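Here my numbering is used: the sequence shown runs in plain steps of one and ends on residue 173. Backbone N, C-alpha and C fix where the C-beta goes; we use that ideal spot for every residue, glycine too. The structure displayed is predicted, hence computed values, not measured ones. Read through the structure below, which is laid out as structure tokens, and then see the notes.
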Amino acid sequence: MTSRDPAFVADATVELDQVSKWFGQKVAVSDVSCSFGPGLTGLLGPNGAGKTTMLRLLTGLLSPSKGRLSVLGQDPRTSPAVFGQVGLVPEEDATYGFLSGREFVAYSAKLSGKANPKLEADRALDEVGLRDDADRDIAGYSKGMKQRIKV
Numbered sequence: 023m024t025s026r027d028p029a030f031v032a033d034a035t036v037e038l039d040q041v042s043k044w045f046g047q048k049v050a051v052s053d054v055s056c057s058f059g060p061g062l063t064g065l066l067g068p069n070g071a072g073k074t075t076m077l078r079l080l081t082g083l084l085s086p087s088k089g090r091l092s093v094l095g096q097d098p099r100t101s102p103a104v105f106g107q108v109g110l111v112p113e114e115d116a117t118y119g120f121l122s123g124r125e126f127v128a129y130s131a132k133l134s135g136k137a138n139p140k141l142e143a144d145r146a147l148d149e150v151g152l153r154d155d156a157d158r159d160i161a162g163y164s165k166g167m168k169q170r171i172k173v
């Protein structure tokens, strides 16, 4: 690993060092070493390539079989600081279709201990481009809209 290696960034928020994960004989992730900086990062690959396993490792839902990883300089399995700063939007629906987008986001903000859930909901809906659809039931949202409402 050198400073010129494109797999590594200087201001890393996520670092993986020879991370592997296997389930019995099945290798899901094999010797991954890289880092990601602040902002949005995409993880692309065909079905079965280990993308979901990698995300579960990075969010602390799984432990690596080998290697080490850190998020914000911390172990994502044990650090409350990581839990408050990193989110995962799973492919599966985790919403209540009978709620409007605004109700769902405000409810989530309230559960997170936000002082003004309605204000936070409006800010979040603006951020993900759903302000105009905020009062519609989530059940009527497209798949992409449902993904954005979970952010």
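Taking each of V36, R99, S52, A32 in turn and checking the Cα distance to T63, the smallest one comes out for V36.
Two segments are said to touch when three or more pairs of C-beta atoms, one from each, lie closer than 8 Å; by this definition the stretch 146-165 touches the stretch 107-126. Going by beta carbons, V104 and L91 fall outside the 8 Å limit.
Your pair G89 and L38 checks out as a contact, with CB atoms roughly 7 Å apart and the cut at 8 Å. As DSSP reads the structure, D144 sits in no beta bridge. In this structure, the straight-line span from the alpha carbon of V49 to that of T81 is close to 19 Å. In terms of Cβ geometry, A146 and P139 do not form a close pair [threshold 8 Å].
Its Cα nearest to that of D33, the residue P60 stands out among T117, L84, E125, P60.
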